[in-house]
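To convert, take the position in the sequence shown, counting from 1, and add 2; that gives the working numbering. Ideal Cβ positions, reconstructed from N, Cα and C, are used throughout, including at glycine. Computed from a predicted structure; not experimentally measured.
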Amino acid sequence: MQKVGIFRSIHVKFVLIYVLLIIMAMQIIGLYFAKGLEQTLKTNFTTSVVDHMNLVEFSVREEMIKERTADDPSLIKSLETVLSGFSPGDINEIRVINSKNLVLATSLDNQSMVGQKSMDDIIRRSNTSEAPDEHIYLDQRTRTRVLVLTAPIISGEEVIGTLYVESNIEKVFKQMDEINQILAGGTAISLTITIIIGIFIAQTMTRPIADMRRQAQAMARGNFSGKVRVYGNDEIGQLAIAFNHLTNRLQESQATTEGERRKLASVLENMTDGVIATDRKGRVILINDAALLMLRMTQDLVLNRPISAILGVETEYTFEDLTEMKDSLVLDFSTRERPYVLRASFSVTQKNTGFVNGLIAVLHDNTEQEKIDMERREFVSNVSHELRTPLTTMRSYLEALADGAWKDSEIAPSFLHVTQTETERMIRLVNDLLKLSRMDSRDYDLNKEWAEFNYFFNLIIDRFEFSKSRNVHFRRHLPSEELFVEIDTDKMTQVLDNIISNALKYSPDGGEVNFGVTVFDKYIQVMISDDGMGIPMENVKRIFDRFYRAERARSRAMGGTGLGLAIAREMIQAHGGEIWAESEEGKGTIIFFTLPFEPQEDGEWD
Ligand code: ATP
Ligand code: MG
């Protein structure tokens, strides 16, 4: 938070303005007041002195124009008497000077100046101007201000002398000083009071502003909970109300934005498709977890890098190419072990003006789809191949027959026999395919019934034992206890038929086929082994795939289509079991499968 310097704060500014205004007002008032008062006091003082003076002047004039007789005391003596008759009061000295500037009398005790010539300008001027005069000057001796008044003594038309009065006016100035001091004191007191009041008034104005400032700073930090107090209904009060309103609106829009952001984030995070967003230069600014997982990257590896590099297409496409791309782009990250294909679709984000803002890429894992497509293509090619072989065989035999072989009683039956077996083979193949397709579309029901597995298994093995054309020994390792399982006996017969016929087909003469059943906790495990040619290790898993035959030519020669184990696997899985094989080339093969089984409590069937 930025601090406001003390002299910059509104608070101090307010108080300073108050103080300056008060000082100015007091100064102007004081000046006028002091000047007026001084004038009045001086005038009053002068008037009282002049009144005295007039009285003295009258007496002095009388004495000066008096006809002197012998028994009369001299003029000087009588003037002295006149002057001494006045009480001094504020008057320091009264002096009488004749027209020749000679001092005739003084009210001072010191009479030495009597008879002396007065050198004062003011007296000379008075003697000649016939007008009274006044003058204030500083008495150098007493360091006080004195008022000197002169008035000509006029007899008829002629100036016969001058009356000189010196009075102590210092009192008036002292009074003025006191009044000025009172004024200054008043100013100081009023200033102190104004400052205190000013501080409070300023506070009432600045407090709401300070509140708003604090609230604005809190808002900048994302805290909208505070409210500014409204102190009144003046402009600042209304500003505070408007400010609170603004806070509410901001909080609401912040909440909406935050909600939208969270919604968007959760949508992005919960999407199974990957989403990548870029800025207008094609650098990644947002990527969701699904996209990171698909690209096997981390957030910091991806952010701010060009999208074409992230998708690994920087050599083929520029960012502009991607923005103009209408169809989706297939990204093949497959390795030899694992197919991995992503499909990326692009859409451009634009402003209203049409200005490209960025690009959004949606990634979809297309591996499964691609795998299914591949399997489908392979399946179709397998089926057509499987059908074409018997058909071409049949065509050539039928051609031969049509060309005249039908007449030959030796060849014709054997040729017809071949076409018959080929037709049977095709029927078998089509039947197997139908079976598989029905299982794929799941529109079949298992006809389950309870059967004792040992009995059921023995019957099938017996059937093979009686009808077998080759010298192969059968060995049974079946448990003595009764094993009741719930199975579709028809389907289970097909499974066992296929496994056993495979074992017989691939066993050498004099070989041995073993049959075993082991009971486990929740299931029974069936085992059929032979000591035939076996299957190469890397192909063991694949024998359950459709159309898979370890050695195509030889297997076909043995009449197989490669669908038997695929059907067996579907059926076992439909029963809730599993099927797998173990084999060693040249040593033999073991096929295992399991079936769910629950050991019966004693007496349950009684
Ligand atoms: P079909 O069973 O449809 O008549 P098939 O026997 O060739 O034809 P599957 O039963 O699915 O097809 O078997 C697939 C392939 O697995 C066989 O072609 C064979 O190569 C191999 N195979 C299966 N069982 C054995 C076994 N016991 N010993 C050796 N190879 C086997
Ligand atoms: Mg088979």
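- Item | residue 365 - containing alpha helix (DSSP H), residue span | Along the sequence shown, one-based indexing puts residue 365 at 363. Element bounds for residue 365: not the alpha helix (DSSP H) but the beta strand (DSSP E), 358-367.
- Message: Would residue 501 and residue 570 be called neighbours here (beta carbons separated by less than 8 Å)?
- Response: Residue 501 sits at position 499 when you count from the first residue of the sequence shown. Residue 570 sits at position 568 when you count from the first residue of the sequence shown. In this structure, residue 570 lies closer than 8 Å to residue 501 by Cβ.
- Item | Residue list, Cβ distance to the ligand MG heavy atoms smaller than 6 Å | Answer in sequence order: 500, 503, 504, 562 and 566.
- Query: Rounded to a whole number of angstroms, what is the C-alpha to C-alpha distance between residue 577 and residue 454?
  - Reply: The residue given as residue 577 occupies position 575 in the sequence shown. The residue given as residue 454 occupies position 452 in the sequence shown. Residue 577 and residue 454 have their C-alpha atoms spaced approximately 16 Å apart.
- Mind reading off the beta-carbon distance from residue 156 to residue 66? Whole number of angstroms is fine, and I expect it under 8 Å. For the purposes of this step, residue 156 is taken as the residue at position 154 of the sequence shown. For the purposes of this step, residue 66 is taken as the residue at position 64 of the sequence shown. Not confirmed; about 11 Å, so no contact.
- Task: Take residue 178 as the anchor and find which of 460, 596, 588 and 41 has the nearest alpha-carbon.
- Result: The residue given as residue 178 occupies position 176 in the sequence shown. Comparing alpha carbon positions, the residue from 460, 596, 588 and 41 closest to residue 178 is 41.
- Item | residue 420: first and last residue of the uninterrupted alpha helix (DSSP H) it sits in | Counted from its first residue, the sequence shown places residue 420 at position 418. Unbroken alpha helix (DSSP H) run through residue 420: 413-442.
- Task: Tell me, please, which residues DSSP counts as bridged to residue 595.
- Result: Here the question's residue 595 lines up with position 593 in the sequence shown. DSSP lists 528 and 581 as partners of residue 595.
- Give me the Cα-Cα distance between residue 498 and residue 414, rounded to the nearest whole angstrom. Taking the sequence shown and counting its residues from 1, the one referred to as residue 498 is at position 496. Taking the sequence shown and counting its residues from 1, the one referred to as residue 414 is at position 412. So the alpha carbons of these two residues sit roughly 37 Å apart.
- Query: Rounded to whole angstroms, how far is the Cβ of residue 167 from the Cβ of residue 55, which I believe are closer than 8 Å?
  - Reply: Taking the sequence shown and counting its residues from 1, one reaches residue 167 at position 165. Taking the sequence shown and counting its residues from 1, one reaches residue 55 at position 53. Separation of the CB atoms of residue 167 and residue 55 is rounded to 5 Å, and the pair is thereby assigned contact status at 8 Å.
- Beta carbon of residue 669: closer than 7 Å to some heavy atom of the ligand ATP? There is simply no residue 669 to check, as the chain begins at 3 and stops at 608 in what is shown.
- When you compare each of 549, 536, 486 and 460 to residue 517 by their alpha carbons, which one comes out closest? Your numbering for residue 517 matches position 515 in the sequence shown. Of the candidates 549, 536, 486 and 460, the one whose C-alpha sits nearest the C-alpha of residue 517 is 460.
- Task: For residue 536, verify whether its CB is less than 7 Å away from any heavy atom of the ligand PLP.
- Result: Among the ligands present in this structure, namely the ligand ATP and the ligand MG, the ligand PLP is not found.
- Residues near residue 608 by beta carbon distance below 7 Å, same chain, minus five either side: As a first step, residue 608 must be located in the sequence shown, where it is residue number 606. The pLDDT assigned to residue 608 is 49, lower than 50, so where the model puts this residue is not dependable, and the model offers no usable value.
- Task: Going by CA-CA distance only, name the one from 85, 389 and 595 that's closest to residue 57.
- Result: Translated into positions along the sequence shown, residue 57 becomes position 55. Ranked by Cα distance from residue 57, the options 85, 389 and 595 are led by 85.
- For residue 428 versus residue 496, is the C-beta spacing smaller than 8 Å? Here residue 428 refers to the residue found at position 426 of the sequence shown. Here residue 496 refers to the residue found at position 494 of the sequence shown. Residue 428 places its beta carbon 8 Å or farther from that of residue 496.
- heavy atom of the ligand ATP below 7 Å from residue 472 C-beta: Along the sequence shown, one-based indexing puts residue 472 at 470. The answer is no for residue 472.
- residue 286 vs residue 294 beta-carbon contact at 8 Å: The residue you call residue 286 lines up with position 284 of the sequence shown. The residue you call residue 294 lines up with position 292 of the sequence shown. Contact flag unset, no.
- Compare the beta carbon distance of residue 94 and residue 148 with 8 Å and say whether it is the shorter of the two. Translated into positions along the sequence shown, residue 94 becomes position 92. Translated into positions along the sequence shown, residue 148 becomes position 146. In contact: residue 94 and residue 148 (Cβ atoms closer than 8 Å).
- Message: Would you say the beta carbon of residue 532 is closer than 7 Å to some non-hydrogen atom of the ligand ATP?
- Response: Locating residue 532 in the sequence shown gives position 530, where the first residue counts as 1. For the ligand ATP, at least one heavy atom lies less than 7 Å from the Cβ of residue 532.
- What residues match up with residue 141 in a beta bridge as DSSP calls it? The residue labelled residue 141 in the question sits at position 139 within the sequence shown. According to DSSP, residue 141 bridges with 146.
- Could you have a look at residue 9 and say whether DSSP puts it in helix, strand or coil? One-based indexing of the sequence shown puts residue 9 at position 7. Residue 9: coil per DSSP, three-state reduction.
- Message: Can you determine whether any heavy atom of the ligand ATP sits closer than 7 Å to the C-beta of residue 453, and answer yes or no?
- Response: The count along the sequence shown starts at 1 and reaches residue 453 at position 451. Result no, Cβ not under 7 Å from the ligand ATP.
- Item | Bounding residues of the alpha helix (DSSP H) (the contiguous stretch that carries residue 473) | Working through the sequence shown from its first residue, we reach residue 473 at position 471. Run containing residue 473: none; DSSP gives neither H nor E here.
- Message: Can you tell me whether residue 23 is buried or exposed? The criterion is at least 16 other CB atoms within 10 Å of its CB, across all chains shown.
- Response: Locating residue 23 in the sequence shown gives position 21, counting from the first residue. Counting every other CB atom within 10 Å of its CB across the protein chains shown gives residue 23 a total below 16, marking it as exposed.
- Query: Is residue 13 buried or exposed, if buried means 16 or more other CB atoms sit within 10 Å of its CB?
  - Reply: Along the sequence shown, read from residue 1 onward, the residue named residue 13 stands at position 11. Burial check for residue 13: the Cβ neighbour count within 10 Å reaches 16 or more, so the residue is buried.
- CA nearest to the CA of residue 146, picked from 129, 579, 171 and 131: Position 144 of the sequence shown, counting from 1, holds the residue named residue 146. It is 171 whose Cα lies nearest to the Cα of residue 146.
- Message: Please determine whether the Cβ atom of residue 427 lies at a distance below 7 Å from any heavy atom of the ligand ATP.
- Response: One-based indexing of the sequence shown puts residue 427 at position 425. The answer is no for residue 427.
- Between residue 258 and residue 360, which are expected to be in contact by the criterion C-beta below 8 Å, what is the C-beta distance as a whole number of angstroms? Translated into the one-based positions of the sequence shown, residue 258 becomes position 256. Translated into the one-based positions of the sequence shown, residue 360 becomes position 358. Contact flag wrong, Cβ pair sits at about 23 Å.
- Query: Nearest-angstrom Cα distance between residue 549 and residue 337?
  - Reply: Here residue 549 refers to the residue found at position 547 when the sequence shown is read from its first residue. Here residue 337 refers to the residue found at position 335 when the sequence shown is read from its first residue. Roughly 25 Å separates the two Cα atoms.
- Task: Measure the alpha-carbon distance for residue 106 versus residue 87 and round it to whole angstroms.
- Result: Position 104 of the sequence shown, counted from the first residue, corresponds to residue 106. Position 85 of the sequence shown, counted from the first residue, corresponds to residue 87. One C-alpha to the other measures close to 16 Å.
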